[in-house]
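Protein chains in written order, with my numbering: chain A, 1 to 81; chain B, 1 to 405.
Heads up, the thing below is written out as structure tokens.
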């Protein structure tokens, strides 16, 4: 084995640098996006869970609105009968 | 069933897509839920909208009946006036009097009777119109309160949900952007790797052996980058699919909310109820024309704003007081600005719109007070629907008395 030249040493360093760059990039991306995915999943799950409650609440509001409005209409009919 | 339980683990873990058959069932179920919602949406509110339509039609019919009876009365008065002229003419020429005068006087008497009957009919219809108008005013006021309350309650529920959903959508978009940037990183690393491989090819054998492990590790890391890109791409698709029904759900609720909101601005088909005026035969018909009535605050149909002030005035007719629109509005705001402030620019825009859409006169520097008041009434219809006609009329009287001699 001959003594490594400056060029050989540069190539070794370049290879190690690229390895580090690639692994770091993959690791960083995996971690940050996983955290985002977890957060989004959790928020969507909350929205999905609240869906039934929301539907029931809005249905109740609509029923109240219809009932009250029909009352007003009935009163109009009586007043103009 | 669909929303009660927490989302299935398979759906939460986007890297493990839901089995095809479950997706199929879920798809069918979602379609069923959408269909059921749509059906309910069509049924609900529709009945109510129909009932309001009927109320509007009733008010419009009462207006139509009254106006027809008023027109009939005007025709009788016109004929009476003509006949009266003939009778007066006969009376002024005694030589021509006799049988023709007696016949004409008899006919005049018959017209008196017919006018009295027509006036009684018109007054009955006017009173009916008043009743319908008052009932409709109460209905509209009450309905606005009911609808405002419902909208407030819906918004309280829907607004945070819309905001959360928007936040989730933004997060997904952000994730997508980061995937895009990571793809660029992957391309750059790939280029560097190719370059490195070329250099290693030309290196000595012992150096190749030393670098072999690191190169394999680089290849592994690059493969991991590729896997991550694909995984996250699938994850974004899965998340977007989960968000879709939630968005569609909110859109349906918003649609319903907007339908309720329409009840806060019910279309007003009422005409102003004219004041009761005694009919005296042989008085000029114009005195009884509804178009010659003073303006009615807040409830006059928009097109009627062009009414009396726009028409050419007969020679000798009483002069209508003049006012500058700015002066009128200034006086109005001074007195009633706290409850109903007229924005001069908005009012000018409104006047221009009316001018272009229904042909009301453009406002000059000094115009009939009637025209200004009619235009303010139609402006109030749009901007202050709570203002009643009598309230507007009272205000008009006060302002008019102040600014006109």
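Each residue gets a CB set at the ideal place from its N, CA and C atoms; glycine is no exception.
Please read these numbers as outputs of a predicted model, since none were measured by experiment.
- With the rule of 3 Cβ pairs closer than 8 angstroms, the segment 47 to 58 of chain A counts as touching the segment 154 to 171 of chain B.
- About 7 angstroms separates the beta carbons of residue 243 of chain B and residue 172 of chain B, which is inside the 8 angstroms limit, making them a contact pair.
- Contact between the segment 74 to 91 of chain B and the segment 114 to 127 of chain B is present: 3 or more CB-CB pairs across the two stretches fall below 8 angstroms.
- About 11 angstroms separates the beta carbons of residue 354 of chain B and residue 377 of chain B, which is beyond the 8 angstroms limit, so they are not a contact pair.
- Within the segment 196 to 213 of chain B, 196, 199, 200, 203, 204, 206, 207, 210, 211 place their CB atoms closer than 8 angstroms to a CB of chain A, listed in sequence order.
- Residue nearest to residue 62 of chain B within the set B/104, B/72, B/193, B/130 is B/130 (criterion: CA-CA distance).
- Using beta-carbon distances, residue 13 of chain A does not count as an interface residue toward chain B, since no partner is under 8 angstroms.
- Below 8 angstroms, enough C-beta pairs join the segment 360 to 369 of chain B and the segment 319 to 331 of chain B to call them touching: three or more.
- Taking the Cα positions, residue 69 of chain A is about 22 angstroms away from residue 54 of chain A.
- Under the three-state reduction of DSSP, residue 72 of chain B is assigned to helix.
- By the C-beta density criterion, residue 88 of chain B is exposed, having fewer than 16 other C-beta atoms within 10 angstroms.
- For the pair residue 158 of chain B and residue 224 of chain B, the CB atoms are not nearer than the 8 angstroms cut-off.
- Going by C-alpha positions, residue 240 of chain B is about 20 angstroms away from residue 181 of chain B.
- Here residue 343 of chain B carries a coil assignment [DSSP, helix/strand/coil].
- In terms of beta-carbon proximity, residue 247 of chain B stays away from the interface with chain A, with every pair separated by 8 angstroms or more.
- In this structure, residue 262 of chain B keeps its C-beta atom at 8 angstroms or more from the C-beta atom of residue 175 of chain B.
- Contact of residue 3 of chain A with chain B by beta-carbon distance below 9 angstroms is absent, the smallest such distance being about 11 angstroms.
- Rounded to the nearest whole angstrom, the CA to CA distance from residue 123 of chain B to residue 71 of chain B is 13 angstroms.
- Among the CB atoms of chain B, none fall inside 8 angstroms of the CB of residue 6 of chain A.
- Judged by DSSP secondary structure, residue 365 of chain B falls outside any alpha helix (DSSP H); it is assigned neither H nor E.
- Annotation for residue 350 of chain B: 379 place their beta carbon closer than 6 angstroms to its own, counting only its chain and skipping 5 residues before and after.
- One finds 131, 134, 135, 138 in chain B with Cβ atoms closer than 8 angstroms to the Cβ of residue 79 of chain A, taken in chain order.
- DSSP places residue 72 of chain A within a helical segment (H, G or I) once states are collapsed to three.
- Sorting B/121, B/141, B/190, B/98 by C-alpha distance to the C-alpha of residue 75 of chain A places B/141 at the top.
- Cβ-Cβ distances below 6 angstroms link residue 400 of chain B to 369 in the same chain, with the five nearest sequence neighbours on each side left out; the list follows chain order.
- Residues of chain A with a Cβ closer than 8 angstroms to the Cβ of residue 123 of chain B do not exist, since the nearest Cβ in that chain sits about 18 angstroms away.
- With respect to residue 111 of chain B, residue 73 of chain B sits apart: the two C-beta atoms are not nearer than 8 angstroms.
- Here the alpha carbon of residue 237 of chain B sits roughly 21 angstroms from the alpha carbon of residue 26 of chain A.
- With respect to chain B, the C-beta atom of residue 30 of chain A has a partner C-beta closer than 8 angstroms.
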